[in-house]
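Novice:
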Amino acid sequence: MTFSGTGFEYKFYCDQGKISFEEAERRCQRYKAHLVSIHSEEENRFVLNLIDYGQLDYTWIGLIQERFNDWSWTDGSNPRYEKFYTFVGMGFPKYNTRACVTMNTGIKAARKNKLIMHGKWLAFKCDARHYFVCKRRSS
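For the sequence shown, UniProt numbering begins at 1 and goes up steadily by one.
(1) At a cut of 8 Å, does the stretch 9-19 reach the stretch 75-85 through at least three beta carbon pairs?
(2) What's the call for Gly7, buried or exposed, on a 16-neighbour Cβ count within 10 Å?
(3) Look up Cys134 in the DSSP assignment and give the residues it is bridged to.
(4) Are residue 149 and Ala24 touching if we call contact CB-CB under 8 Å?
(5) In this structure, does DSSP put Gln16 in helix, strand or coil?
(6) Among Glu43, Asp70, Gln29 and Met117, which has the Cα closest to the Cα of Cys100?
(7) Nearest to Phe46 by CA position, among Asn104, Trp60, Ser139 and Tyr10, is which residue?
(8) State the DSSP-derived secondary structure class of Asn49, mapped to helix, strand or coil.
(9) Just tell me which of Arg27, Leu48, Lys83 and Gly106 has its CA closest to the CA of Ala123.
(10) If distances are taken between C-alpha atoms only, which option among Lys125, Met117, Gln29 and Thr105 comes closest to Thr97?
(11) For Arg137, which residues of its own chain have a beta-carbon under 7 Å away from its beta-carbon, when the five flanking residues on both sides are left out?
(12) Just verifying my parser: in three-state terms, what is the DSSP assignment at Asn44?
(13) Which residue wins for smallest C-alpha separation from Ile51, given the options Tyr13, Glu66 and Gly62?
(14) Give the range of the alpha helix (DSSP H) segment to which Ala24 is assigned.
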């Protein structure tokens, strides 16, 4: 699916089971893509709507922080926009361990928190297992 104006295609993967962040990025690269980078509120909503969230809770996006370092997107683009649940409007948090980011996409999780967390980002250990979204330039 294409998000208008960006020149990128997006694909949500859930048919291969939940996998780690690194494995998700490797699978995206097989399709000449990367885990999704998100650069605006509109793009965040687009990615959230792309996912058939039914019973899902969290979905990998391509944002990563190596221990105490700056955040980076796996596609090399500059992270300026952020949607962290506990840090919205406060900039990018700093963790003392390696952190990989998911988007809260689950209706189950959203109901528990009265939709407060729906579409927000949460950091996990990179070996946690989640579904994922890839993004690549349109061909």
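Every residue, glycine too, gets a C-beta built ideally from N, C-alpha and C.
Specialist: Let me spell this out:
(1) no
(2) Within the sequence shown, the letter at position 7 stands for residue 7. The residue in question, Gly7, is exposed, as its Cβ has fewer than 16 Cβ neighbours within 10 Å.
(3) Within the sequence shown, the letter at position 134 stands for residue 134. Partner(s): Lys11 and Leu35.
(4) For residue 149 there is no data in the structure shown, the boundaries of the chain being 1 and 139.
(5) For this step, residue 16 is matched to residue 16 along the sequence shown. The answer is coil: DSSP assigns Gln16 none of H, G, I, E or B.
(6) Along the sequence shown, read from residue 1 onward, the residue named residue 100 stands at position 100. Here the closest residue by C-alpha is Asp70.
(7) By 1-based counting over the sequence shown, the position of residue 46 is 46. It is Tyr10 whose Cα lies nearest to the Cα of Phe46.
(8) Taking the first residue of the sequence shown as position 1, residue 49 is located at position 49. Asn49: helix per DSSP, three-state reduction.
(9) Numbered from 1 along the sequence shown, position 123 holds the residue referred to as residue 123. Ala123 has its Cα closest to that of Lys83, out of Arg27, Leu48, Lys83 and Gly106.
(10) For the purposes of this step, residue 97 is taken as residue 97 along the sequence shown, with counting starting at 1. For Thr97, the nearest C-alpha among the options comes from Lys125.
(11) Indexing the sequence shown from 1 puts residue 137 at position 137. Taken in chain order, the residues that qualify are Gly7 and Phe8.
(12) Residue 44 sits at position 44 when you count from the first residue of the sequence shown. Reduced to three states, the DSSP call for Asn44 is helix.
(13) Translated into the one-based positions of the sequence shown, residue 51 becomes position 51. Checked all of Tyr13, Glu66 and Gly62; the closest Cα to Ile51 is Tyr13.
(14) Within the sequence shown, the letter at position 24 stands for residue 24. Here the alpha helix (DSSP H) through Ala24 covers Phe21 to Arg30.
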